[in-house]
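Asks: Note that our numbering has the sequence shown beginning at 1173, numbered continuously upward.
Just so you know, even glycine gets a beta-carbon here, dropped at the ideal spot from N, CA and C.
In this text the structure is predicted, and so the values were computed from the model without any measurement.
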Amino acid sequence: MLPRETIPAGPVNLRPPVDADMDAVARACADPEIARFIPLIPVPYTRADALFWKNKLAEHAWAEDGADFVMADPATDEPQGVIGVKPPDRFGNVEVGYWVAPWARGKGIATAATRAVSAWRFAQGAQRLDLLADIENLGSQKVAMASGFVREGIRRGAGSRRDGSRCDMVAFARLATDPGDPIRPYLPDFPGGELTDGVIRLVRLAPADAGDYHRMMGDPEVMAHHVPPGRPDYATTALRCRNAGYRWLAAEQAEIAIRDAATGAFAGDIQLSHVIPPLGEAMTGYSLLPEYRGRGYVTRAVKLLVEWVFAHTAIHRVIAGTVPTNTASHRVLERAGFTREGVAKELLPGPDGTRLDDVRWVRLRS
1173 MLPRETIPAG PVNLRPPVDA DMDAVARACA DPEIARFIPL IPVPYTRADA
1223 LFWKNKLAEH AWAEDGADFV MADPATDEPQ GVIGVKPPDR FGNVEVGYWV
1273 APWARGKGIA TAATRAVSAW RFAQGAQRLD LLADIENLGS QKVAMASGFV
1323 REGIRRGAGS RRDGSRCDMV AFARLATDPG DPIRPYLPDF PGGELTDGVI
1373 RLVRLAPADA GDYHRMMGDP EVMAHHVPPG RPDYATTALR CRNAGYRWLA
1423 AEQAEIAIRD AATGAFAGDI QLSHVIPPLG EAMTGYSLLP EYRGRGYVTR
1473 AVKLLVEWVF AHTAIHRVIA GTVPTNTASH RVLERAGFTR EGVAKELLPG
1523 PDGTRLDDVR WVRLRS
């Protein structure tokens, strides 16, 4: 059995729960954000539920070589959240999980607690710690990375939602032999969450954009230059919008909504995709709704995005690909400071099994 002790963790102390914590635990677990990502939490959550967790679930964990700790404020002893390690699985792997109370978020508490409980559990003999995060729970994924956990991939349909549907989980792990250094995102967030020049705003694509995005993808002009050909169905579009945050954090693709700065309306999208860190290269592409064309929005968006790329990432080359007949896109790229680099013959899949040339453009950091 693991020792029941208090673990100092900087802004919090990790200690076994006591009855005096239960009102705060119940108050925290009434938060919709916690209920959203921990579907087994009862709704509504009461003090009786908190006591059941402490006296039954947490005690069972301790008895099976797991542990549940309250994150307590070192000065007041007020609960700030909960963190635990599950009993080892049949391979000896241990899973870490946590939640932070609404009144304690944004202080680095979860990261400090995860780093401390990881060091403690390694000292108790664990060789591998697992951490699973809902694919839409970007906060938890950022905590995992800041705590030295390495992203290993997606476990498809491994989680569940409160409505009974299945969801993908992002798998992280840390080995006892890992250095445990914080893992910085290759693509950071926009400063303050957006880029703007006063005419347009660039913000991360969001679930609420699915309807406008799907309408844009049905426009003939957009479809004429889309790779691969063919309009995605609505379910695919909605999933793309929901998972945009994960793909950004994983440096797979920054999917960005172009918004009218005056009204906030969705005008189109721009992406930073095909990110190749060893080469310092990424690709951009873009589309607009018909009613926003002819206003220079795409040129503005490309300039804003590329300037952010060179100021805040290690990317050295931003490239773009266009079909030879897409002269409007050629003009956009020229105005945004790109130069034509060459032609890749029959690189792009076209309609009805055809192949199209790809006119390549590039803008360099220098």
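Using the C-alpha atoms, what's the distance from residue 1296 back to residue 1539?
Replies: Nothing can be reported for residue 1539, as the shown portion of the chain is limited to 1173 through 1538.
Asks: Examine the Cβ distances between the stretch 1351 to 1371 and the stretch 1478 to 1494 and report whether three or more of them are shorter than 8 Å.
Replies: yes
Asks: What residue range does the alpha helix (DSSP H) around residue 1385 cover?
Replies: Stepping through the sequence shown from its first residue, residue 1385 is reached at position 213. Run containing residue 1385: 1382 to 1389, per the alpha helix (DSSP H) assignment.
Asks: Whose C-beta lies closer than 7 Å to the C-beta of residue 1193 among residues of the same chain, with five residues either side of it excluded?
Replies: Taking the first residue of the sequence shown as position 1, residue 1193 is located at position 21. Taken in chain order, the residues that qualify are 1242 and 1251.
Asks: For residue 1317 versus residue 1355, is the C-beta spacing smaller than 7 Å?
Replies: By 1-based counting over the sequence shown, the position of residue 1317 is 145. By 1-based counting over the sequence shown, the position of residue 1355 is 183. Their beta carbons are under 7 Å apart, which means residue 1317 touches residue 1355 by this criterion.
Asks: With a Cβ-Cβ cutoff of 7 Å, do residue 1505 and residue 1533 count as a contact?
Replies: Along the sequence shown, one-based indexing puts residue 1505 at 333. Along the sequence shown, one-based indexing puts residue 1533 at 361. Yes, these two residues count as a Cβ contact at 7 Å.
Asks: Measure the alpha-carbon distance for residue 1211 versus residue 1200 and round it to whole angstroms.
Replies: The residue labelled residue 1211 in the question sits at position 39 within the sequence shown. The residue labelled residue 1200 in the question sits at position 28 within the sequence shown. A straight-line Cα-Cα distance of about 15 Å links residue 1211 and residue 1200.
Asks: Excluding sequence positions up to five away, which residues of its chain have a Cβ less than 8 Å from the Cβ of residue 1366?
Replies: Residue numbering aside, residue 1366 sits at position 194 when the sequence shown is read from its first letter. The residues are 1373, 1374 and 1375.
Asks: Work out the CA separation of residue 1427 and residue 1140 for me, nearest whole Å.
Replies: Look at the range of the chain in this structure, 1173 to 1538, and you will see that residue 1140 is not part of it.
Asks: If residue 1433 and residue 1409 are in contact, beta carbons under 8 Å, what's the gap, nearest whole angstrom?
Replies: As a position in the sequence shown, residue 1433 is number 261, starting the count at 1. As a position in the sequence shown, residue 1409 is number 237, starting the count at 1. Going by Cβ atoms, the distance from residue 1433 to residue 1409 rounds to 24 Å, so no, they are not a contact pair.
Asks: Just list the residues that DSSP pairs residue 1456 with in beta bridges.
Replies: As a position in the sequence shown, residue 1456 is number 284, starting the count at 1. DSSP output for residue 1456 lists 1444 as bridge partner(s).
Asks: Below 8 Å CB to CB, which residues in the same chain sit around residue 1216 once its five sequence neighbours on both sides are set aside?
Replies: If you number the sequence shown from 1, residue 1216 lands on position 44. Correct list, in chain order: 1202.
Asks: From what residue to what residue does the beta strand (DSSP E) around residue 1327 run?
Replies: Taking the sequence shown and counting its residues from 1, one reaches residue 1327 at position 155. Its beta strand (DSSP E) spans residues 1322 to 1332.
Asks: Could you compute how far the alpha carbon of residue 1270 sits from the alpha carbon of residue 1230?
Replies: The residue labelled residue 1270 in the question sits at position 98 within the sequence shown. The residue labelled residue 1230 in the question sits at position 58 within the sequence shown. For residue 1270 and residue 1230, the distance between alpha carbons rounds to 13 Å.
Asks: Say whether chain C places a C-beta atom closer than 7 Å to the C-beta of residue 1323.
Replies: Absent here is chain C; the protein component of the structure consists of one chain.
Asks: What are the boundary residues of the alpha helix (DSSP H) that includes residue 1517?
Replies: Residue 1517 sits at position 345 when you count from the first residue of the sequence shown. In the DSSP assignment, residue 1517 falls outside any alpha helix (DSSP H) and lies within the beta strand (DSSP E) extending over 1511 to 1521.
Asks: If contacts are defined as beta-carbon pairs under 8 Å, then residue 1531 and residue 1494 qualify, I think. What distance do you get, rounded to the angstrom?
Replies: What you label residue 1531 is simply residue 359 of the sequence shown in a count that begins at 1. What you label residue 1494 is simply residue 322 of the sequence shown in a count that begins at 1. With a contact defined as Cβ atoms closer than 8 Å, residue 1531 and residue 1494 qualify at about 5 Å.
Asks: How would you label residue 1337, buried or exposed, when you count the other beta carbons within 10 angstroms and need 16 or more for buried?
Replies: For this step, residue 1337 is matched to residue 165 along the sequence shown. Counting Cβ neighbours within 10 Å, residue 1337 comes out exposed, since fewer than 16 surround it.
Asks: Of the choices 1523, 1491, 1196 and 1500, whose alpha-carbon is the least far from that of residue 1513?
Replies: Translated into positions along the sequence shown, residue 1513 becomes position 341. Cα-wise, what sits closest to residue 1513 is 1491.
Asks: What did DSSP end up calling residue 1435 once you bin it into helix, strand or coil?
Replies: As a first step, residue 1435 must be located in the sequence shown, where it is residue number 263. In the structure shown, residue 1435 sits in coil (DSSP, three-state: anything other than H, G, I, E or B).
Asks: Could you check whether residue 1265 and residue 1287 sit closer than 7 Å to each other, using their CB atoms as the reference points?
Replies: Your numbering for residue 1287 matches position 115 in the sequence shown. Your numbering for residue 1265 matches position 93 in the sequence shown. No. Outside cutoff.
Asks: Measure from the alpha carbon of residue 1244 to the alpha carbon of each residue in 1197, 1452, 1214 and 1516, then state which is nearest.
Replies: Position 72 of the sequence shown, counted from the first residue, corresponds to residue 1244. The residue with the shortest Cα to Cα distance from residue 1244 is 1197.
Asks: Kindly indicate which three-state DSSP category residue 1529 falls into: helix, strand or coil?
Replies: Taking the first residue of the sequence shown as position 1, residue 1529 is located at position 357. Residue state, collapsed to three classes: strand.
Asks: Report the rounded CA-to-CA distance for residue 1396 versus residue 1536, giving the unit in angstroms.
Replies: Here residue 1396 refers to the residue found at position 224 of the sequence shown. Here residue 1536 refers to the residue found at position 364 of the sequence shown. Each residue's Cα considered, the two are about 28 Å apart.
Asks: If you follow the alpha helix (DSSP H) that residue 1393 is in, where does it begin and where does it stop?
Replies: Numbered from its first residue, the sequence shown carries residue 1393 at position 221. Element bounds for residue 1393: 1392 to 1396.
Asks: Pop quiz: residue 1471 and residue 1507 are said to be a contact at Cβ under 8 Å. What is the actual Cβ separation, rounded to whole angstroms?
Replies: As a position in the sequence shown, residue 1471 is number 299, starting the count at 1. As a position in the sequence shown, residue 1507 is number 335, starting the count at 1. Right, their Cβ atoms sit about 5 Å apart.
Asks: Checking 7 Å against the spacing of the C-beta atoms, do residue 1284 and residue 1181 come in under that value?
Replies: As a first step, residue 1284 must be located in the sequence shown, where it is residue number 112. As a first step, residue 1181 must be located in the sequence shown, where it is residue number 9. Yes, these two residues count as a Cβ contact at 7 Å.
Asks: So residue 1257 is in the beta strand (DSSP E); what residue range does that whole segment cover?
Replies: Taking the first residue of the sequence shown as 1, we reach residue 1257 at position 85. Start and end: 1251 to 1257.
Asks: Can you tell me which of the three DSSP states residue 1204 falls into?
Replies: Residue mapping note: residue 1204 aligns to position 32 of the sequence shown, counting from 1. DSSP places residue 1204 in helix when its eight states are reduced to three.
Asks: Residue 1406 and residue 1386: beta carbons closer than 7 Å?
Replies: Counting from 1 along the sequence shown, the entry for residue 1406 is found at position 234. Counting from 1 along the sequence shown, the entry for residue 1386 is found at position 214. Cβ atoms of residue 1406 and residue 1386: closer than 7 Å.
Asks: Select from 1239, 1523, 1402 and 1443 the residue whose C-alpha is nearest the C-alpha of residue 1267.
Replies: By 1-based counting over the sequence shown, the position of residue 1267 is 95. Of the listed residues, the one whose Cα sits closest to residue 1267 is 1239.
Asks: On a Cα-Cα basis, can you pick out the residue from 1190, 1304 and 1461 that is closest to residue 1249?
Replies: Reading the sequence shown from its first residue, position 77 is the one you call residue 1249. The candidate whose alpha carbon is nearest that of residue 1249 is 1190.
Asks: Since residue 1302 and residue 1345 are thought to touch, with beta carbons under 8 Å apart, how far apart are those beta carbons, to the nearest angstrom?
Replies: Here the question's residue 1302 lines up with position 130 in the sequence shown. Here the question's residue 1345 lines up with position 173 in the sequence shown. At roughly 5 Å, the Cβ-Cβ gap stays under 8 Å, so residue 1302 and residue 1345 are in contact.
Asks: Taking the alpha helix (DSSP H) that residue 1418 falls in, what are its first and last residues?
Replies: The residue you call residue 1418 lines up with position 246 of the sequence shown. Per DSSP, residue 1418 belongs to the alpha helix (DSSP H) from 1416 to 1421.
Asks: Across which residues does DSSP place residue 1343 in a beta bridge pair?
Replies: Position 171 of the sequence shown, counting from 1, holds the residue named residue 1343. In the DSSP output, where bridge partners are listed per residue, residue 1343 has 1304 and 1325.
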